[in-house]
Amino acid sequence: MRSSGTGYNARLALSTGLTMHIKRLAAPLWPLLNKFYRSHNSSMKALKGGQLWVARDGEIVAGLCLTPVVGGQWLTGVFVDPAYRGQGLAARLVQQAVAGVDGTVWLLCHPDLETLYQRMGFSQDTVLPQSLSERLVRYKRNKPMIAMGLKSPGWLAPDSSV
């Protein structure tokens, strides 16, 4: 990852007039993201070895995790507080988080989310690192699941004007 500093902070003006701050969460603060997930009864978990990104409106209102895998990063835990949904916050959070990634960013999601991630530039991907391929097989035993990838997003530059 090229954009690996924890001090990176982007301001995001939403259509509602609210201003969000998108920032990489410092490693020791990973329990805060898990607290956010739990407060919304989400089963998602922030992974200790990953890069954690959050959007804040005072408190955390959205988060995600990027974890290194062979050939790129695995995107997990994309979650937006229901009160902040429908404003493009997830897309902006993902855009900021993957802006400096070299390689591919993969995610595993329910097929109902395919259109959402396609709008962010992801497409269905059948070529996965072995660890994700094995995980996908396990997940599909219990629920519908697809793999998507965003190839070489490193060219995306964070828009500091937001």
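So that you can map any letter, position 63 of the sequence shown is 63 in the UniProt record's numbering, and since no number is skipped, the others follow by simple counting.
Idealized CB from N, CA, C, for every residue including glycine.
Treat the numbers as computed from the prediction; the structure is a model and nothing was measured.
Assigned exposure category for residue i - 16 Cβ within 10 Å defines buried
i	result
Val127	exposed
Thr104	buried
Lys151	exposed
Leu33	buried
Tyr92	In the sequence under discussion, the amino acid at residue 92 is Arg, which differs from the Tyr named in the question. By the neighbour-count rule (16 or more Cβ atoms within 10 Å), Arg92 is buried.
Thr115	exposed
Within 7 Å, strictly: CB atoms of residue i and residue j
i	j	result
Pro31	Gly71	no
Val54	Leu25	yes
Leu108	Leu136	yes
Val78	Leu64	yes
Ser131	Val69	yes
Where residue i sits in the DSSP three-state scheme
i	result
Lys140	helix
Val69	strand
Ser133	helix
Thr115	helix
Leu93	helix
Contacting residues, own chain, Cβ-Cβ under 7 Å from residue i (five flanking each side not counted)
i	result
Asp125	Trp106, Ala147, Met148 and Gly149
Limits of the beta strand (DSSP E) - the one that residue i falls within
i	result
Leu25	Thr19 to Leu25
Arg38	Careful: Arg38 lies outside any beta strand (DSSP E), inside the alpha helix (DSSP H) at Trp30 to Ser39.
Ala55	Gln51 to Asp57
Thr104	Thr104 to Cys109
Ala147	Ile146 to Leu150
Same chain, Cβ closer than 6 Å to residue i, five either side skipped, listed in chain order
i	result
residue 166	Since the first residue of the chain shown is 1 and the last is 162, residue 166 is not available in this structure.
Pro111	Pro144 and Ile146
Proximity test, Cβ basis, 7 Å: residue i and chain D
i	result
Val101	Chain labels in this structure do not include chain D; a single protein chain is all it has.
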